[in-house]
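Q:
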Amino acid sequence: MRSAPSPAHELVRTLWQALRSLGAEPTPLQIETWGLAVHSALASKSRQFHSHEHVMELCEGASPLEVVAAIYHDLVYVQVDGELPAAVRALLEPLLERTEGASFRVLPRAADNPLTAQVLAIFGRNVGDVMGPFCGLNELASAWVLVMHLGETLRSDQLVELAACIEATIPFRPDPGASLAARLADLGWSQLDTKRAVEQAVRFANRDVDNFSDPDAARFLANTWKLLPETNPSLHVPSRYTVGDYRVALLKMETFLEKLDPARVFHAWGDEPSPEEHARLIAAAGENIRIAVRYLRVKLYAIALIEAICLASGGDLPLQYVMGAIASRGEKSRLESFLPVASRSQRMDEGDPLPRLLAGGRAGSSSFDIAPSPLASYLLTALGEPAICEAVAAARSFWAGEKTPLEFLRAQEGSIVSALASAAAELAETRRESLANVLAELSLSFGQPVDLADDGAPASGVASQWPAAPRQTQKFRRLDWSNDALAMYNVPEPDVRDVTNKLSAG
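Throughout the sequence shown, residue numbering follows this note's numbering, covering 482 to 987 in sequence.
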């Protein structure tokens, strides 16, 4: 097949080829109608992970039936799109009634049509059920569209297998294969056919979340970052979202991943996958989840300090106003450019990926954030991970309203607070006076360098009392991020150039 001139062409051609491989012979106009309806949903501006790219990746190396399932499985994504996709709304509105928020009630007509009724049975749902997007609504609605599109084109057994594949992609459940097998048996499927269909569904669902087993944590984090704007619409406009908006997005993801059991990411049924492969997948997911939580906590501490400084000095601000634009326009256009150089607080484990992930960045670009994390990396260098974890616990009290911004800042390392406020004043010029007042209340002043003890540890500790800082502004060497910070982690020269390019290009 020749190369496709657009994503829409690629999707239509892929669907056409898969259906013909399954023995179906739809008309070209039918293929066009179905393919473009799916493309319209996947091309929504709010889609960054559950998009055309993800669908095409899932199609690679898949069987024709799994290709069809891949094309349809993310068609409906209510919590991302905010509504049922316009291209298929007329098909779904007779079956679903919106109740509250992103939840919908299954209407009686869903049981009247044999095709949609069969899908309802495969999903173990009934008329009157109220479903939210995190308990199978998206998958059920997507499977309904599939059978309404293809019901007269494919065999009944193929439609059942396709619905089973999509049902299996409802994420993060304990042992979904057993309940799916029981429901197929209730439909009269033989034990052998049930085993084959469920194994296929489990294989498909595991491939859908294959990102969790990626051996490169930078790629795993890059895909994780694509999910943030899908569930946090405020991030869609990088120049407008606030420090608080960004913190909320990070906190939601950290909370989710911290509670996620790796055993609920990848599943097994029958011979799919082998016990050894299943164990490998779960172990890989566990490692990626652990490093992601550590990564997010360092970033959360960084944004907690910035948020507290903003709130104490006059209120929340657009993140770019206080930290600089994603696409740098000059040497001194981002907050980290105005920070003093900090020595390591403790010896870093050379095998630990966290310092490199923060300094070197996630793999790939992001629409709303730079790939490296200069401020978080700076704090990891200056304070060390144990002190940051302790400080994040205090930040949770601040976010819960149990501590004021000043109370939170007063419990942090004074030289760090001074350095950040000084750097913020370079960008948020309208806050210089109020930032100076905040520092005065903390017995600090602008320009106080990071004060480290002889052993490299913060002289006063994160939660200690600090001596009153001198009132005059002190001069210090600015941080040349590409040379100073990355060199701390022995990043090879090509990587230094690559990250420098990321910082300048966004």
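Ideal Cβ positions, reconstructed from N, Cα and C, are used throughout, including at glycine.
Just so we're clear, the structure is a prediction, and the values are computed from it rather than from any experiment.
Can you find at least 3 beta carbon pairs, one from the stretch 619-629 and one from the stretch 678-692, that sit closer than 8 Å?
A: no
Q: Nearer than 8 Å: is that true of the beta carbon of residue 657 relative to any heavy atom of the ligand COA?
A: Looking for the ligand COA in the displayed structure turns up nothing, as the structure carries no ligands at all.
Q: Just to confirm the assignment, what range does the beta strand (DSSP E) spanning residue 585 have?
A: Mapped onto the sequence shown, residue 585 falls at position 104. 585-587 is the extent of the beta strand (DSSP E) around residue 585.
Q: Output yes or no for whether 9 Å exceeds the beta carbon distance between residue 1072 and residue 540.
A: Residue 1072 is absent from the structure shown; the chain starts at 482 and stops at 987.
Q: Let me confirm a value: residue 916 is counted as buried when at least 16 other C-beta atoms fall within 10 Å, else exposed. Which label applies?
A: For this step, residue 916 is matched to residue 435 along the sequence shown. Residue 916 is buried by the Cβ-count criterion.
Q: Suppose the cutoff is 7 Å on Cβ atoms and the five residues either side in sequence are ignored; what does the same chain contact list for residue 592 look like?
A: Here residue 592 is taken as the residue at index 111 of the sequence shown, counted from 1. 598, 601, 608.
Q: Excluding the 5 residues preceding and the 5 following residue 574 in the sequence, name in chain order all residues of the same chain whose CB lies nearer than 8 Å to its CB.
A: If you number the sequence shown from 1, residue 574 lands on position 93. Cβ neighbours of residue 574 beyond the five flanking positions: 565.
Q: Going by the beta-carbon positions, is the gap between residue 666 and residue 748 smaller than 9 Å?
A: As a position in the sequence shown, residue 666 is number 185, starting the count at 1. As a position in the sequence shown, residue 748 is number 267, starting the count at 1. No, Cβ-Cβ distance for residue 666 and residue 748 is not below 9 Å.
Q: I need the DSSP call for residue 729, collapsed to helix, strand or coil.
A: Start at 1 with the first residue of the sequence shown, and residue 729 comes out as number 248. Of the three classes helix, strand and coil, the one that applies to residue 729 here is helix, per DSSP.
Q: Whole angstroms is fine: what's the gap from residue 699's alpha carbon to residue 589's?
A: Residue numbering aside, residue 699 sits at position 218 when the sequence shown is read from its first letter. Residue numbering aside, residue 589 sits at position 108 when the sequence shown is read from its first letter. Residue 699 and residue 589: Cα-Cα distance of roughly 47 Å.
Q: Thinking C-beta only, is residue 857 closer than 9 Å to residue 703?
A: Position 222 of the sequence shown holds residue 703. Position 376 of the sequence shown holds residue 857. For residue 703 and residue 857, no; Cβs fall outside 9 Å.
Q: As a quick exercise: from 562, 605, 873, 920, pick the residue whose alpha carbon is nearest that of residue 896.
A: As a first step, residue 896 must be located in the sequence shown, where it is residue number 415. The option with the nearest alpha carbon to residue 896 is 920.
Q: In terms of residues, what are the limits of the beta strand (DSSP E) holding residue 680?
A: Here residue 680 refers to the residue found at position 199 of the sequence shown. First-last for residue 680: 672-689, but that is the alpha helix (DSSP H), not the beta strand (DSSP E).
Q: Is residue 767 helix, strand or coil when you go by DSSP?
A: Sequence index remark: in the sequence shown, residue 767 carries index 286 (1-based). Three-state DSSP puts residue 767 in a helix.
Q: When burial is assigned at 16 or more other CB atoms within 10 Å of the CB, is residue 711 buried or exposed?
A: Reading the sequence shown from its first residue, position 230 is the one you call residue 711. By the 10 Å Cβ count, residue 711 comes out buried.
Q: Whole angstroms is fine: what's the gap from residue 504's alpha carbon to residue 649's?
A: Here the question's residue 504 lines up with position 23 in the sequence shown. Here the question's residue 649 lines up with position 168 in the sequence shown. Spanning the two alpha carbons is a distance of roughly 24 Å.
Q: Touching or not, the stretch 656-664 and the stretch 519-536, by the rule of three or more beta carbon pairs under 8 Å?
A: no
Q: Return the Cβ separation of residue 779 and residue 839 in integer angstroms, given the expectation that the two are a contact with Cβ distance under 8 Å.
A: Your numbering for residue 779 matches position 298 in the sequence shown. Your numbering for residue 839 matches position 358 in the sequence shown. Going by Cβ atoms, the distance from residue 779 to residue 839 rounds to 6 Å, so yes, they are a contact pair.
Q: Which of the three DSSP states is assigned to residue 855 in this structure?
A: Counted from its first residue, the sequence shown places residue 855 at position 374. Of the three classes helix, strand and coil, the one that applies to residue 855 here is helix, per DSSP.
Q: In chain order, which beta strand (DSSP E) runs of at least 3 residues are fully inside the stretch 515-564?
A: none
Q: Using a Cβ-Cβ cutoff of less than 6 Å, which residues in the same chain neighbour residue 579 once the five nearest sequence positions on both sides are dropped?
A: Along the sequence shown, read from residue 1 onward, the residue named residue 579 stands at position 98. Hits under 6 Å: 585.
Q: Contact between the stretch 884-899 and the stretch 856-872: three or more CB pairs below 8 Å?
A: yes
Q: So what's residue 739 in DSSP terms, helix, strand or just coil?
A: For the purposes of this step, residue 739 is taken as the residue at position 258 of the sequence shown. It is helical.
Q: For residue 673, count neighbouring C-beta atoms within 10 Å of its own C-beta (all shown protein chains included) and say buried if the count is 16 or more, exposed if not.
A: Residue 673 sits at position 192 when you count from the first residue of the sequence shown. Flag for residue 673 reads exposed.
Q: Quick check on the burial criterion: 16 or more other C-beta atoms within 10 angstroms. Buried or exposed for residue 727?
A: Position 246 of the sequence shown, counting from 1, holds the residue named residue 727. By the Cβ neighbour-count rule, residue 727 is buried, with 16 or more other Cβ atoms within 10 Å of its own.
Q: Among 501, 758, 850, which one has its Cα closest to the Cα of residue 544?
A: The count along the sequence shown starts at 1 and reaches residue 544 at position 63. Taking residue 544 as reference, the option from 501, 758, 850 with the minimal CA-CA separation is 501.
Q: Give me the residue from 803, 554, 773 with the minimum Cα distance to residue 697.
A: Residue mapping note: residue 697 aligns to position 216 of the sequence shown, counting from 1. Of the listed residues, the one whose Cα sits closest to residue 697 is 773.
Q: Determine the extent of the beta strand (DSSP E) in which residue 578 is found, giving its start and end residues.
A: As a working note, residue 578 is residue 97 in the sequence shown. 577-579 is the extent of the beta strand (DSSP E) around residue 578.
Q: To the nearest angstrom, how far is it from the Cα of residue 553 to the Cα of residue 854?
A: By one-based count along the sequence shown, residue 553 stands at place 72. By one-based count along the sequence shown, residue 854 stands at place 373. When rounded, the distance between both Cα atoms is 36 Å.
Q: Leaving out five residues before and five after residue 845 in sequence, what residues of the same chain have Cβ atoms less than 8 Å from its Cβ?
A: By 1-based counting over the sequence shown, the position of residue 845 is 364. Cβ neighbours of residue 845 beyond the five flanking positions: 700, 703, 852.
Q: Cβ atoms of residue 615 and residue 560: under 9 Å apart, would you say?
A: Here residue 560 corresponds to residue number 79 of the sequence shown, with the count starting at 1. Here residue 615 corresponds to residue number 134 of the sequence shown, with the count starting at 1. For residue 560 and residue 615, yes; Cβs fall inside 9 Å.
Q: Determine the contact status of residue 767 and residue 743, defining contact as a CB-CB distance below 9 Å.
A: Numbered from its first residue, the sequence shown carries residue 767 at position 286. Numbered from its first residue, the sequence shown carries residue 743 at position 262. In contact: residue 767 and residue 743 (Cβ atoms closer than 9 Å).
Q: Do you know offhand how far residue 536's Cα is from residue 606's?
A: Taking the first residue of the sequence shown as 1, we reach residue 536 at position 55. Taking the first residue of the sequence shown as 1, we reach residue 606 at position 125. The alpha-carbon atoms of residue 536 and residue 606 are separated by roughly 26 Å.
Q: Which runs of the alpha helix (DSSP H) spanning at least 4 residues fall entirely within the stretch 587-643, listed in chain order?
A: Counting whole runs of 4 or more residues, the stretch 587-643 contains the alpha helix (DSSP H) stretches 590-593, 595-603, 618-631.
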